Amino acid sequence: MVSSRSWGALRFAAFTVLILNAATGRASAESVLRVAMTAADIPDYTGAPDQGYEGYRFAGYTLYDGLALWDLSSSDKAADIMPGLATSWSVDPNNDKRWVYKLRQGVTYHDGCPWNADSALWNFKRVMDPKAPQFNPRHVGQMGTYVVNIASVDKIDDSTIAINTKVPSSLFPYEMAMFYMISNCAVEKAGNDYNAYMQHPSGTGPYKFDKVVPHERLELVKNDKYWNPQRIPKHDRLVLLPMPEASTRAAALLSGQVDFVEAPSPDTIPRLKEAGMKIVTVPYPHNWDYMLRMDVPPFNDIRVRQAANYAMNRQDMVDMLQGVAVAATQTLIDTQPWYGKPVTYDYNPDKAKALLKEAGCDPCVIKVGISTSGSGQMQPLPMNELVKEQLEAVGFKVQLEPMDWNALIGVFLTGAKKYDYNAINFSMAPIDPVQGILKKWMTTYAPPACCNWGFFSDPKVDQLGNEALGEFDAAKRNVILTKMNEQAVADASELYIVHDLNPRALSPKLSGFVQAQSWFQDLTPIVVSP
Amino acid sequence: MWLYAARRIVLTIPILLGVTIICFALVQIAPGDPIQNLLSPTASAADAARLRAAYGLDQPLPVQYFIWLGKVMVGDLGMSIANNTPVTGEVLHAFMNTIVIALISVVLAFVISMIFGIIAAYRSGKLVDKAITAIAVFGISVPPFWLGVIVVIIFAVNLSWLPATGMGASGSENFSYFRWADFKFAIMPIIALALPPLGIMTRTTRSSVAEILNQDFVQTLRAKGLSEAQVIIHAVRNIMPQAVAMLGLQLGYLIGGSVLVETVFTWPGTGYLLNKAVLTRDIPLLQGTILVLATAFVLINLVVDLAQSMIDPRLKRS
Numbered sequence: 001m002v003s004s005r006s007w008g009a010l011r012f013a014a015f016t017v018l019i020l021n022a023a024t025g026r027a028s029a030e031s032v033l034r035v036a037m038t039a040a041d042i043p044d045y046t047g048a049p050d051q052g053y054e055g056y057r058f059a060g061y062t063l064y065d066g067l068a069l070w071d072l073s074s075s076d077k078a079a080d081i082m083p084g085l086a087t088s089w090s091v092d093p094n095n096d097k098r099w100v101y102k103l104r105q106g107v108t109y110h111d112g113c114p115w116n117a118d119s120a121l122w123n124f125k126r127v128m129d130p131k132a133p134q135f136n137p138r139h140v141g142q143m144g145t146y147v148v149n150i151a152s153v154d155k156i157d158d159s160t161i162a163i164n165t166k167v168p169s170s171l172f173p174y175e176m177a178m179f180y181m182i183s184n185c186a187v188e189k190a191g192n193d194y195n196a197y198m199q200h201p202s203g204t205g206p207y208k209f210d211k212v213v214p215h216e217r218l219e220l221v222k223n224d225k226y227w228n229p230q231r232i233p234k235h236d237r238l239v240l241l242p243m244p245e246a247s248t249r250a251a252a253l254l255s256g257q258v259d260f261v262e263a264p265s266p267d268t269i270p271r272l273k274e275a276g277m278k279i280v281t282v283p284y285p286h287n288w289d290y291m292l293r294m295d296v297p298p299f300n301d302i303r304v305r306q307a308a309n310y311a312m313n314r315q316d317m318v319d320m321l322q323g324v325a326v327a328a329t330q331t332l333i334d335t336q337p338w339y340g341k342p343v344t345y346d347y348n349p350d351k352a353k354a355l356l357k358e359a360g361c362d363p364c365v366i367k368v369g370i371s372t373s374g375s376g377q378m379q380p381l382p383m384n385e386l387v388k389e390q391l392e393a394v395g396f397k398v399q400l401e402p403m404d405w406n407a408l409i410g411v412f413l414t415g416a417k418k419y420d421y422n423a424i425n426f427s428m429a430p431i432d433p434v435q436g437i438l439k440k441w442m443t444t445y446a447p448p449a450c451c452n453w454g455f456f457s458d459p460k461v462d463q464l465g466n467e468a469l470g471e472f473d474a475a476k477r478n479v480i481l482t483k484m485n486e487q488a489v490a491d492a493s494e495l496y497i498v499h500d501l502n503p504r505a506l507s508p509k510l511s512g513f514v515q516a517q518s519w520f521q522d523l524t525p526i527v528v529s530p
Numbered sequence: 001m002w003l004y005a006a007r008r009i010v011l012t013i014p015i016l017l018g019v020t021i022i023c024f025a026l027v028q029i030a031p032g033d034p035i036q037n038l039l040s041p042t043a044s045a046a047d048a049a050r051l052r053a054a055y056g057l058d059q060p061l062p063v064q065y066f067i068w069l070g071k072v073m074v075g076d077l078g079m080s081i082a083n084n085t086p087v088t089g090e091v092l093h094a095f096m097n098t099i100v101i102a103l104i105s106v107v108l109a110f111v112i113s114m115i116f117g118i119i120a121a122y123r124s125g126k127l128v129d130k131a132i133t134a135i136a137v138f139g140i141s142v143p144p145f146w147l148g149v150i151v152v153i154i155f156a157v158n159l160s161w162l163p164a165t166g167m168g169a170s171g172s173e174n175f176s177y178f179r180w181a182d183f184k185f186a187i188m189p190i191i192a193l194a195l196p197p198l199g200i201m202t203r204t205t206r207s208s209v210a211e212i213l214n215q216d217f218v219q220t221l222r223a224k225g226l227s228e229a230q231v232i233i234h235a236v237r238n239i240m241p242q243a244v245a246m247l248g249l250q251l252g253y254l255i256g257g258s259v260l261v262e263t264v265f266t267w268p269g270t271g272y273l274l275n276k277a278v279l280t281r282d283i284p285l286l287q288g289t290i291l292v293l294a295t296a297f298v299l300i301n302l303v304v305d306l307a308q309s310m311i312d313p314r315l316k317r318s
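Line order of the protein sequences matches chains A and B. First residue of the first sequence: 1, per the UniProt record's numbering; consecutive thereafter. First residue of the second sequence: 1, per the UniProt record's numbering; consecutive thereafter.
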């Protein structure tokens, strides 16, 4: 028997619940994914991201697309490229320096501006033609490297363009996965003033710009008209927060201020797991190595390079990092198609000592430039101490010279010959054969051209490189690139140490994230539960 | 008085000029290059040279310095290289974020340290004195960034009372100190910032009050039959000039020296900005921030000097 008073109370309670539900229903109507980045500032979001590949990950592929895109849908294999704003591309059968791109039709930028051949040509001029009103030197700094091999671009019709390269380049499509297309209408509307464009940036990507608080947060919203329906974000809003301090990121996740944290430090991982956070790790083309200077002693002698590699007890390093890295026996990771079956330098201190003795380097004095932190550098100070200890155990005498990340980038960009370092600890992203093989090992890419920092030179490698660039059959090209990579490892072209597993910590509220074997990640499938 | 103030203001000009020269030179001596952050890892030397020219960084150093100085004279601190935004706006926005928490911290520390210092001096050698001294030594010795991390673990992670990081749930642009939802973001940075000046000022207040209480005139006051409370008021008036000087100095330190605390809490103030500018070698931003901070430091000291001469008539006479 329920008294009328109780009925009243129940009715009141039911009414209250109803009101509360309505109120919270309104408040939670929008699902928001909040991400803590490791960057110290919001990366450039005008179509030429800075702050390393983290910038591309969060302020690049979210807002913009390239002619090609990275396929980030699988955790099982290293990501490769797929069609993006172009539906297909092929080299001209009569001219191996001419690539024909079929553009995706029916795509518009976020501001309604149509994507077509004119827009594509306008975008190339943005970084290639200093006389064009839209020319942007800052964009050249970030994007110039991807168009360096382009001689000219022709419009064939509204949905077809031809890109003429300076030299035959079978790997050119990879470059186009890194070059973003931005709305020509938006830039023109801003009077070609990129600071004005920054207020209303516009791309074709799965997210649209909403607002920014400088240095603090970048807010993007779902592009529900995205051309690829499978990649329409499963949350309404993406908030990106720069948080350079690892302990701050962990605390922000634990206190519920963010949902997704990049690179928690290994010592916070047990605490995060205990609190129910999901820790995801996956191998990806990352390489924590020592680049070696090979035009002068001692590393011009292959025996010294091999000795250094045999001196590495990589499992010790993995243990120190609580398992968020895997041993590296070469630059690439084993799911990349060009990995091959090269020689491996397993830990063998006796062999290392013998090789050093044979090379007559005793004590083998080396000076190594290292950074105190930096994008992709993991935990550089303790890790370098361990490398030093292991090298010294076999007869090296190592002088570590720490500097901040910006200074080390300077050492890298200028090339080995301007300094007296025998090695630098500089992590690179061997995401494709261009960056992971060709530009690292071919003599022509020695500074100032590009990134063969230590002036490595092996005629066999150069010859294979030229063959690969001229081979337009992907399967055959992969065979050549694999040989090339194997040869570089046989030459002990660097000191291989570990590959990062790129830990990320996710709130239990999130589901659907597939961590790709890539520097870039697709956030669109993430569902945020209330 | 006005003449004194005018003289002091004129004297700040060479100090500020010196500051600009030193910070310009130091930034140049340090290895690193602002252009590198704008380049992709696979960029060529030609790309770098083109960008360097676009920012005028290919000019000889003295030329770069005087171009910058000329603009500063008309209030233009140049453009940030990393962000391509006007430095003046960046620095002033950050400065407003810092000055408020620095002021709250230093006033809080000042009030507490006066109470602690007086009690400790009055009860010199007793248990309460020892307890206060322990707190003060803790405040002086403990690194504020470490304290920051610890309070985050306690209040944000374990107790979930306060947010761990940032300035407001939607960023500093809509932040209000008068709204609890916003103000709670400021509480932990204020605690971390307040503790070191609290320690220093407690120790100084204690020793100054103790010294005054041992002087003959205090004995005379007591002999005249004044209550202990009145005696203490006399003592406090005597230490005021010193206390105000300390307050100014600590405020100056907090404004300029909060790099670590602001980084731990991602508080978008001058310390955070400075840290970012150093790491990216953003020379105009670095110079602009240092110049504004140095100006603030000099002005605070000027205000303190003037305030001291008002509080202590002896200084005016001298």
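Note that beta-carbon positions come from the ideal geometry of N, C-alpha and C, so glycine has one too. Predicted, not measured: the structure shown is a model, and the values here were computed from it.
Problem - Selection of the segment 396 to 413 of chain A by Cβ proximity to chain B, strictly under 9 Å - result: 403, 404, 405, 406, 407, 408, 409, 410, 411, 412 and 413
Practice task
Could you check the C-alpha separation between residue 187 of chain B and residue 178 of chain B for me, to the nearest Å?
Solution key: 13 Å
Problem - Residues near residue 221 of chain A by beta carbon distance below 7 Å, same chain, minus five either side - result: 207, 208, 210, 236 and 237
Practice task
Run down chain A in chain order and give the residues with a C-beta less than 7 Å from the C-beta of residue 268 of chain B.
Solution key: 215 and 216
Practice task
Name, in chain order, the residues that DSSP records as bridge partners for residue 59 of chain B.
Solution key: Paired residue(s): none; residue 59 of chain B is not in a bridge.
Practice task
Spell out whether any CB of chain B is found under 8 Å from the CB atom of residue 330 of chain A.
Solution key: no
Exercise for the section: Compare the C-alpha of residue 547 of chain A against each of A/87, A/512, A/67 and A/495 and name the closest. Expected result: With chain A represented from 1 up to 530, any question about residue 547 of chain A goes unanswered, as that position is not in the structure.
Problem - residue 222 of chain B, enclosing beta strand (DSSP E) - first and last residue - result: DSSP places residue 222 of chain B outside any beta strand (DSSP E); the residue lies instead in the alpha helix (DSSP H), whose first and last residues are 216 to 223.
Exercise for the section: Consider the Cβ of residue 25 of chain A: report whether some Cβ of chain B lies at a distance smaller than 8 Å. Expected result: Any reading at residue 25 of chain A must be qualified, since the residue scores a pLDDT of 41, below 50, and its modelled position is unreliable; no value is offered.
Problem - Reference residue 181 of chain A, options A/71, A/116 and A/167, closest by Cα - result: A/116
Practice task
Could you check the C-alpha separation between residue 175 of chain A and residue 147 of chain A for me, to the nearest Å?
Solution key: Rounded to whole angstroms, the separation of the alpha carbons of residue 147 of chain A and residue 175 of chain A is 7 Å.
Handout entry: Continuous beta strand (DSSP E) stretch holding residue 377 of chain A: start and end
Key = Segment: none, residue 377 of chain A is in no beta strand (DSSP E) and carries neither H nor E.
Problem - Inside the segment 51 to 96 of chain A only - beta strand (DSSP E) runs reaching at least 3 residues - result: 68 to 70, 81 to 83 and 86 to 92
Practice task
Express the C-alpha separation of residue 115 of chain B and residue 130 of chain B in angstroms, rounding to a whole number.
Solution key: 15 Å
Handout entry: Rounded C-alpha distance that separates residue 272 of chain A from residue 445 of chain A
Key = 43 Å
Handout entry: Per-residue contacts from residue 369 of chain A into chain B (C-beta, under 8 Å)
Key = Correct list: empty, because the minimum Cβ distance to chain B is about 10 Å.
Exercise for the section: Assign residue 311 of chain B to one of three DSSP states: helix, strand, or coil. Expected result: Residue 311 of chain B falls in the helix class under three-state DSSP.
Problem - Residue nearest to residue 319 of chain A in terms of C-alpha spacing, selected from A/452, A/383 and A/344 - result: A/383
Practice task
Report the three-state DSSP secondary structure of residue 289 of chain A (helix, strand or coil).
Solution key: strand
Problem - Rounded straight-line distance, which links the Cα of residue 67 of chain A to that of residue 54 of chain B - result: 29 Å
Practice task
Give a yes or no on whether the minimum CB-CB distance between residue 86 of chain A and chain B is below 8 Å.
Solution key: no
Exercise for the section: Tell me residue 397 of chain A's beta-bridge partners as DSSP assigns them. Expected result: A/365
Exercise for the section: Within 10 angstroms of the Cβ of residue 322 of chain B, are there 16 or more other Cβ atoms? Answer buried if so, exposed if not. Expected result: This structure cannot speak to residue 322 of chain B, because chain B is shown only from 1 to 318.
Problem - Test item: CB-CB of residue 405 of chain A and residue 457 of chain A under 8 Å - result: no
Practice task
Give the residues of chain B in contact with residue 243 of chain A, contact being defined as C-beta atoms less than 7 Å apart.
Solution key: 165 and 266
Practice task
Could you pull out every residue in the same chain whose Cβ sits closer than 6 Å to the Cβ of residue 513 of chain A, ignoring the five residues on either side in sequence?
Solution key: For residue 513 of chain A, where only same-chain residues beyond five positions count, the Cβ hits under 6 Å are 526.
Problem - residue 226 of chain A versus A/249, A/123 and A/107, residue with shortest Cα-Cα distance - result: A/107
Problem - Cutoff 8 Å: residue 36 of chain B Cβ touching any chain A Cβ - result: yes
Exercise for the section: Answer yes or no: do residue 133 of chain A and residue 281 of chain A have a C-beta to C-beta separation smaller than 8 Å? Expected result: no
Handout entry: Any chain A beta carbon closer than 8 Å to residue 84 of chain B
Key = Output row for residue 84 of chain B: interface = yes.
Handout entry: Members of the segment 128 to 162 of chain A near chain B, C-beta cut-off 9 Å
Key = 130, 137, 138, 140, 141, 142, 143, 144, 145, 146 and 148
Practice task
Verify whether the separation of the beta carbon atoms of residue 408 of chain A and residue 398 of chain A is less than 8 Å.
Solution key: no
Handout entry: heavy atom of the ligand COA below 7 Å from residue 83 of chain B C-beta
Key = As presented, the structure is devoid of all ligands, the ligand COA included, so that no description of it is given.
Problem - Closest Cα partner of residue 278 of chain B within the set A/123, A/54 and A/403 - result: It is A/403 whose Cα lies nearest to the Cα of residue 278 of chain B.
Handout entry: Sequence-distant residues of the same chain with beta carbon closer than 8 Å to residue 185 of chain A, five excluded per side
Key = 109, 111, 112, 113 and 202
Practice task
Keeping to the same chain, check which residues put their C-beta closer than 6 Å to that of residue 374 of chain A; ignore five residues upstream and five downstream.
Solution key: 405
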